[in-house]
Amino acid sequence: MNSPKKMKEKNKFFRGNQQRRLINQGLSLIVTVFLSQMLLQWFQNDLNISLVLQFTFQWHTIKFLISLCVLLVPAVWLWSLIGNVKIVNILFLSISMGMGFATFEKMRQRGEPLYPSDLQMLTNPIFLLEMLPPFMVILVVAGITVFFIGLVLVIIKERKEDLPRLKRSTRILLFLLSSFAAFYLSNFSQEGNIVKIAYDQTAYWIPYSQQMNYYNNGFVAGFLYNLPSEPMTEPDGYSSEGLIQLMEKYQEKAQKINESRQNKKLEANIIFVMNESFADPFDLKETSKKWDPIPFARKLATESWSGRMLSQGYGGGTANIEFEALTGFSMEPFSANITTPFTQFLPKDPLIPSVVSRLKAEGYTTTAIHPYNTSMYKRRENYGNLGFDTFYYDEIMTNTATKENNPYISDKAAYQEVLQSMNKTEEYDFVHLVTMQNHTPYSAKYEAFPSAQKTGYYNERINQYFQDLVYSDQALEFLYEELEQLEEPSVVVFWGDHWPSVFGEEALESNGKEALHHTPVIMFNNVSKANKDFHTISSIYFFIEVLEMLDQSVSPFDALLMELQKNIPSLEKGMYFSDEQQGYVSSREELSEDAQRVLNDYDWIMFDVTTSNKQTVQDGFFERLD
Numbered sequence: 141m142n143s144p145k146k147m148k149e150k151n152k153f154f155r156g157n158q159q160r161r162l163i164n165q166g167l168s169l170i171v172t173v174f175l176s177q178m179l180l181q182w183f184q185n186d187l188n189i190s191l192v193l194q195f196t197f198q199w200h201t202i203k204f205l206i207s208l209c210v211l212l213v214p215a216v217w218l219w220s221l222i223g224n225v226k227i228v229n230i231l232f233l234s235i236s237m238g239m240g241f242a243t244f245e246k247m248r249q250r251g252e253p254l255y256p257s258d259l260q261m262l263t264n265p266i267f268l269l270e271m272l273p274p275f276m277v278i279l280v281v282a283g284i285t286v287f288f289i290g291l292v293l294v295i296i297k298e299r300k301e302d303l304p305r306l307k308r309s310t311r312i313l314l315f316l317l318s319s320f321a322a323f324y325l326s327n328f329s330q331e332g333n334i335v336k337i338a339y340d341q342t343a344y345w346i347p348y349s350q351q352m353n354y355y356n357n358g359f360v361a362g363f364l365y366n367l368p369s370e371p372m373t374e375p376d377g378y379s380s381e382g383l384i385q386l387m388e389k390y391q392e393k394a395q396k397i398n399e400s401r402q403n404k405k406l407e408a409n410i411i412f413v414m415n416e417s418f419a420d421p422f423d424l425k426e427t428s429k430k431w432d433p434i435p436f437a438r439k440l441a442t443e444s445w446s447g448r449m450l451s452q453g454y455g456g457g458t459a460n461i462e463f464e465a466l467t468g469f470s471m472e473p474f475s476a477n478i479t480t481p482f483t484q485f486l487p488k489d490p491l492i493p494s495v496v497s498r499l500k501a502e503g504y505t506t507t508a509i510h511p512y513n514t515s516m517y518k519r520r521e522n523y524g525n526l527g528f529d530t531f532y533y534d535e536i537m538t539n540t541a542t543k544e545n546n547p548y549i550s551d552k553a554a555y556q557e558v559l560q561s562m563n564k565t566e567e568y569d570f571v572h573l574v575t576m577q578n579h580t581p582y583s584a585k586y587e588a589f590p591s592a593q594k595t596g597y598y599n600e601r602i603n604q605y606f607q608d609l610v611y612s613d614q615a616l617e618f619l620y621e622e623l624e625q626l627e628e629p630s631v632v633v634f635w636g637d638h639w640p641s642v643f644g645e646e647a648l649e650s651n652g653k654e655a656l657h658h659t660p661v662i663m664f665n666n667v668s669k670a671n672k673d674f675h676t677i678s679s680i681y682f683f684i685e686v687l688e689m690l691d692q693s694v695s696p697f698d699a700l701l702m703e704l705q706k707n708i709p710s711l712e713k714g715m716y717f718s719d720e721q722q723g724y725v726s727s728r729e730e731l732s733e734d735a736q737r738v739l740n741d742y743d744w745i746m747f748d749v750t751t752s753n754k755q756t757v758q759d760g761f762f763e764r765l766d
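In the working numbering, the protein residues as written are 141 to 766.
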């Protein structure tokens, strides 16, 4: 029988051994976090291990260590929640690998890294998989399968072993501390945030390029920089009194414009068609000009108001172009970390003025149509906030035909839905359509597609995309002919949201950024024929062009947009068209004094609406004047 002294020594030994094992568990978690961060950097740096090592041990060691501490917060939170460090290590590494792969693939397809707002798309995993080529889908599915098998094996093994566990009180304490730390990190962009201050000592933030932001400061710092915050920072000199003077200034301009406008009451259907990935391949030097995939659109453009729209993204950015067209608010003045208004602030703000709410107030029936599900970009909530009466999506649409093997509803079917919705109403209609036919992936959609001899490309995915364009062009002709037979006057604004990423980085390098950020825009009506060359235009100006085409009176906000368009015909972050320089400049400072002044006026109005107290909305700044 053991003596009390021996029992005490034995218990002391076991306690000491348990403490050592718990310390080892903590160290293993730190190693996991270190490896996870290296993994994220590896994916961020295009799988270049040399850049990762230089970033970690030569160029940005301090930032790397700060990011290591940041990543420890969710790791400790998971440990406190799950209690088993081996499971946490596997889970944390797997999540890091998933996020790393996502940023790698997004950089490959769209030239931009993973943002916090992108995580909302996890609610639609099927859609995400559809964006990947088949071999990537196989790799992802295999990786997920291996992860779950490994997790199950670890759990089974752990149950057979008597491993030391954190005390319940310790877990509760760690959970509370890590939860508080996570909440504090979520306010990264707020003034005085200690973590942001720590990064600021060595970080080089680049507001206009998140690709460079992530590259210079690391994935973790870049990700934190893009966490939700106030949409805008207060413009210099901003005041309520100054805002009132600004409103009076543009009210006078609107009144002067309206003296030459004939119509005071809108009496025409207005149809916005944002066509997925519709671009003009003739804008690329590699494209053969022997055969035209969009002959009708090209002919229509010569007979209508047309030009090239400056698109914010390459290979993506649909929701942002949609936001700009529906609100007249550019992405340019927003804080750098506001990357997607549809997910970051619009769902929480039902009072944002828009083309939709303005037309609804004038008696229009307002309808949104998107032939896909409602999970993308919180469209159901956002369309309600913008003022749409009805939202037709894939599950409730009547016209759902597809083309051959294409999984998406065709453009022609979408146009049939537009016409059907208009026939149901007695009032004039505003219909906003976002098509899906031309969405990625561009493989195995069609049995027959243009040959390399026709297109100039020895790439099946590109040639499949050309067939998408053929069907889009035919559908546009169908819409045009149907509207020609309609008795009600109708105006259509048709534009491509962005180029598809199928042309790759090579096309960007050989053709330049401008070519792959310009998409066709065509405005036509069924009453009169006239042509006007926009040359270049931003989507924020679409509605004021509609008002001009219909010779309608304008609001003070419209007058501001007209003044802005006169000085800056198209703009996005880092791209401003300057008439003086006959091309794009990369910063506000390179614009003329007049252009900078009007852009500053625009900042004030946007700040009031998106971030301040909406004084302009209350005072009728967005209402058309009689």
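Cβ coordinates follow ideal geometry from the N, Cα and C atoms, glycine included. Please read all numbers here as calculations on a predicted model, not as lab measurements.
Backbone CA spacing between P511 and N539 [nearest angstrom]: Answer to the nearest angstrom: the Cα atoms are 9 Å apart.
Touch test, the region 602 to 621 against the region 576 to 585, Cβ-Cβ under 8 Å, three pairs minimum: Touching, yes, given that three or more Cβ pairs across the two stretches are closer than 8 Å.
Beta-carbon proximity check, E557 vs Y532, cutoff 8 Å: Between E557 and Y532, the C-beta spacing is below 8 Å.
M715: first and last residue of the uninterrupted beta strand (DSSP E) it sits in: Element bounds for M715: 715 to 718.
Uninterrupted alpha helix (DSSP H) stretches inside the region 443 to 483 (no shorter than 4 residues): List check, alpha helix (DSSP H) in window: 458 to 467.
Neighbour-count burial assignment, R161, 16 or more Cβ in a 10 Å radius: So R161 counts as exposed.
Between the CA atoms of E388 and E381 - distance to the nearest angstrom: The straight-line gap from Cα to Cα measures roughly 11 Å.
Of the listed residues T427, E252, M372, F418, nearest to Y354 (C-alpha basis): Selected option, being the one with the closest Cα: E252.
Reference A647, options F422, D613, S176, S379, closest by Cα: Ranking the options by Cα distance to A647, first place goes to F422.
Where K246 falls, given that 16 or more other Cβ within 10 Å makes a residue buried: Result: buried.
Where F762 falls: helix, strand or coil (DSSP): For F762, the three-state secondary structure derived from DSSP is coil.
8 Å contact criterion, which T480 and S257 should meet: CB distance rounded: The pair is a contact, with the Cβ atoms about 4 Å apart (cut-off 8 Å).
Reference T196; option with closest CA among A588, V360, F664, L218: Checking every option, the nearest Cα to that of T196 belongs to V360.
Integer-rounded CB distance, given that L573 should sit under 8 Å from V757: The pair is not a contact, with the Cβ atoms about 27 Å apart (cut-off 8 Å).
C-beta contact flag for Q755 and L383 at 8 Å: Result yes, Cβ atoms of Q755 and L383 sit closer than 8 Å.
Residue closest to Q260, alpha-carbon to alpha-carbon, out of R519, I410, Q165, K429: Of R519, I410, Q165, K429, the residue nearest in Cα terms is R519.
Identity of the residue in S515, A588, Y339, L364 nearest F328 by Cα: Of the listed residues, the one whose Cα sits closest to F328 is L364.
Separation of S451 from V171, as counted between CA atoms: Their backbone Cα atoms lie some 43 Å apart in a straight line.
Cβ-based burial, N753 [other Cβ within 10 Å; buried from 16]: Exposed, since its Cβ has fewer than 16 Cβ neighbours within 10 Å.
Alpha carbon of F570 to alpha carbon of S168, nearest angstrom: C-alpha separation (whole angstroms): 59 Å.
Helix, strand or coil at K672 according to DSSP, with G and I counted as helix: Reduced to three states, the DSSP call for K672 is strand.
For E712, the residue or residues it bridges with in DSSP: The secondary-structure analysis by DSSP pairs E712 across a beta bridge with M715.
Residue range of the unbroken beta strand (DSSP E) whose run includes D569: First-last of the beta strand (DSSP E) with D569: 569 to 574.
Helix, strand or coil at G636 [DSSP, three-state]: When DSSP states are grouped into helix, strand and coil, G636 belongs to the strand group.
Beta-bridge partners of H658, as assigned by DSSP: DSSP output for H658 lists L450 as bridge partner(s).
Under the three-state DSSP convention, the category Q692 falls into: In this structure, Q692 counts as strand in the three-state DSSP scheme.
Y767 - partner residues in DSSP beta bridges: Lying outside 141 to 766, the shown extent of the chain, residue 767 is not represented and no answer is given.
First and last residue of the uninterrupted alpha helix (DSSP H) at V495: V495 -> alpha helix (DSSP H) spans 495 to 501.
Paired residues, beta bridge with T542 - DSSP: DSSP lists I549 as partners of T542.
Residue environment, G457, which counts as buried when at least 16 other CB atoms sit within 10 Å: A residue is called buried once 16 or more other Cβ atoms fall within 10 Å of its Cβ, and G457 is buried on that count.
Nearest-angstrom Cα separation, counted from P547 out to E838: What the structure shows of the chain is the stretch from 141 to 766, and residue 838 is not part of that stretch, so it cannot be assessed.
Collapsed DSSP secondary structure at Y339 in the structure displayed: Here Y339 sits in helix by DSSP.
Of the listed residues M372, F664, R728, nearest to W744 (C-alpha basis): Looking only at M372, F664, R728, the smallest Cα-Cα distance to W744 is reached by M372.
Beta-carbon proximity list for V210, same chain, < 6 Å, skipping 5 on both sides: Taking C-beta separations shorter than 6 Å and ignoring five residues to either side along the sequence, the partners of V210 in its chain run V360, following chain order.
Closest by C-alpha distance to T507, when choosing among I206, E535, V496: The residue among I206, E535, V496 with its C-alpha nearest the C-alpha of T507 is V496.
Start and end residues, alpha helix (DSSP H) containing G527: Careful: G527 lies outside any alpha helix (DSSP H) and carries neither H nor E.
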